[in-house]
Structures are given as structure tokens and as C-alpha cells.
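Before any comments, here is the structure.
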Amino acid sequence: MKNLKKIIVILGPTASGKTDLSVGLAKKFNGEIISADSRQVYKGMNIGTGKVTKKEMQGVPHYLLDVASPKKRFDVVQFKKLADKAIDKIYKKKKVPFLVGGTGFYIQVVVDGISIPNVKPDLTLRKKLEKKTVPELYKILSKLDPRRAGDIDKNNPRRLIRALEIVLKSKRPVPPIQPENPGFSSLYLGVKRDTKTLQKLIEKRLIKRLDEGMVEEVESLHKSGVSWKRLEEFGLEYRYVTRYIRGKLDREEMIKQLQKEIEHYAKRQMTWFKKDKRIKWIKDKKGAITAIDKYLNK
RNA sequence: GCCGUGGUAGCUCAGGUAGCAGAGCGCUUCUCUGAAAAAGAAGAGGUGGUCGGCGCACAUCCGACCCACGGCA
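Just so you know, the first sequence maps onto residues 25 to 322 in my numbering.
The structure is reproduced here in C-alpha cells:
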């Protein structure tokens, strides 16, 4: 197994300190970092996403940051394509890829080689389907693809519409999930914090972001042509700061609601991560170093 | 002191001609096939301010008291 390619995954909820940790580890283990964050891919979204600064990178190359315009759609498939490319590139340099981030879905798709049905989003079709009620959508899907209808969340319009999109455009049922061999083995390290600590970290970070000009960042994104609707879509900071700028919330309410929202998000992330038994939860940098050391020299 | 209004879930409150106690938020748990910071689901929480009365039965009707808020003195 010595020649098998290896990748190190570092994941955890927001505000748990992944960025800091990963730069240190990458430096130590001759690594380069691929960000697995669904919002840090966008240009101009820096403070609100907690993107590493040039200085914080300490010379460690980072991939998958600023690869998309916030005016355009970006999704898992694009992420996978770019991440696979970055991984190759890092191997060619004889370095170790560190996949670091909090977007579980993105990580899963890269590391487990989940292949997503090759049917491009069709916005016109989606718009049309959106007019139907959720039970209607489910009924149609049940007819066209009973298998998928059987395991889908039948209350979730977004899922139903995508399933129908696949069926209608490809003229065949949604294929069952089949993980493919990604061509490398992975070590999963999770950064965990107890709830109280995480809440405090989130709070501190939120104040810091406001001081650093988060509101101005959102204003400038809007000035550069990103619609309010789009900004709301990004969620968390971008959603609530937008509401504040537009006068729908006062500053105090914004902070309060945003804090709660981020806490919820962190919890959702943990729900995702918890079920993955491959993750080795580490306490500190030392624990991470020991684990990586052992893994790389196996 | 008098008058009025209110006291129902952790919070904000619905309802109530007596018949198994509700919502939103929060909390807990969960789902995830091209939006994933998105989109969804489930669950746990109540001696209905206190005491007494009438009733087969009271959160609901009657009385007293306590507490909060507003007005008058």
C-alpha cells in the first residue's frame, strides 16, 4: 500500500479553527490546500466567508478559492472537476493534498467519488416545475421513477425538481448512487468543539467580521452587480447583512439572528459529519500531527 | 386605594357557548444524487397564577387572593 496516493481531509463545523490548523499542518507535511467551502469559491466574498488571507497562507498554495463569480452559479459538479484537477496537480509536485473545509457534500463528492447524474440544470424547466405543488411533483415522480420516489424526501421541492429534471431530460430513471474508486486513500480528521465553546467562537468571530467591514463587503458586492436576491441566497452573513442594509433589520436584530443562524449551521454540519465513522476526531494540533505522521508513513 | 387589562410550553402569544391543551420562535434529533451557508423532516417540553365554589366534567363559569402593566386618585 505504500505507493497508493494519499489525501488528508480536515473538516469540522464553522469557526472551529480549520484554517489555522490546516496551514500549520500543510507546512509541516509538505502539503498544499484545497478549500472545500461552497462560498469561498466566489470572488469578493472574503470577510463573510472567513477566507484565508495571503498572509495567513504563509506561502502554502491554496486551491478552489476565488474560482467563480458570485453573479454566476457554482455547484458541486464544478467543484469536483476543479478539485480533481487540483489534486492531480499537487501529486505531480510530489506534495500532499489537504482537503479542508466545512461543506460536507463537496468533500464527499471528491473523496468518495460520488458521480452525479450527467444532466445539467435547466432553469427554464425548474421554473416550470416550481409552479407545481410539492404533492404534485411527488406524484409525477412516483409515476416516472418509482425507485427514486421511494427514497426521496417527498416534502423537499428542490430534491423533487432535480429528480424530475434528470428523468425528463435523460429520459431514464435516476441512477442509484454508486461510489467509484477515487484513486487515492484518505485520512479524515475532524475538528470538534463543544457547543458552548463553539458558540463563543462564533460570537467573537462575528463581531470581528463586522469590525473588518463585512457590511461594506456586502454593499460593494451589490454595487458590482450582485442582486439582493442572490446575496440572500448565499445565506448566513450575506443574507442577514443584506437584510440589515435594506433596513429590514436593525443592527442588533441582525447580530442576534445571524448568531443563531450560524449556530444552526454548525449543528447541521455536525449532523452531516457525525455519521461518517471514518472521521478521526482530534483535540488539538498535536493529535493531528500524530495521526498524519502515522498515516503517511504507513 | 379605586378602575381597567392581562397571567396558557424556555420566549412571544392564539384559542376558549365547559368535553383528549395550540401556533411561531427556541431546544433536541435527523435527511441529503448538478442551489448544500441551500432545501427539507421528526421529536421533547404545560398540575393553563394560587386557593375555594358550581358541574358528570372546568384552562374555560363564579368568588377571593397574589403578580404584572396602564389609567385615576
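Even glycine gets a Cβ: it sits at the ideal position worked out from N, Cα and C.
The structure displayed is predicted, hence computed values, not measured ones.
The beta carbon of residue 90 is closer than 6 Å to those of 67 in its chain, skipping five residues each way along the sequence.
For residue 135, the enclosing alpha helix (DSSP H) covers residues 128–135.
A contact between stretches requires three or more CB pairs, one per stretch, nearer than 8 Å, and the segment 305–319 fails this requirement with the segment 235–250.
Judged by beta-carbon spacing, residue 137 lies beyond the 8 Å limit of residue 59, meaning their Cβ atoms are not closer than that value. Non-local beta-carbon contacts of residue 84 in its own chain, meaning distances under 8 Å to residues more than five positions away in sequence, involve 47, 50, 51, 55, 56, 57 in chain order. Beta-bridge analysis with DSSP links residue 56 to 121. Between the alpha carbons of residue 184 and residue 261 lies a distance of about 28 Å.
In this structure, residue 159 lies away from residue 198, with their beta-carbon atoms at least 8 Å apart.
Between residue 243 and residue 283, the C-beta gap is not smaller than 8 Å, which leaves the two residues out of contact.
Beta-bridge pairing by DSSP links residue 35 to 125, 214. Residue 151: member of the alpha helix (DSSP H) spanning 147–154, first to last residue. Per DSSP, the beta bridge partners of residue 86 are 57.
In the DSSP assignment, residue 290 is bridged to no other residue. Ranked by how close their Cα comes to the Cα of residue 93, the residues 45, 246, 105 have 246 in first place. Listed in chain order, the non-local C-beta contacts of residue 249 below 8 Å within the same chain comprise 95, local neighbours out to five positions each way being set aside. When 270, 166, 272, 122 are compared, the shortest CA-CA separation from residue 209 is found for 122. Exposed is the label assigned to residue 251, since fewer than 16 other Cβ atoms lie within 10 Å of its Cβ.
The residues 29, 121, in chain order, have a CB closer than 8 Å to that of residue 115 in the same chain once the five nearest residues on each side in sequence are set aside. Counting C-beta pairs closer than 8 Å gives fewer than three between the segment 68–76 and the segment 163–179, which falls short of the contact rule. Residue 273 and residue 256 have their alpha carbons spaced roughly 13 Å apart.
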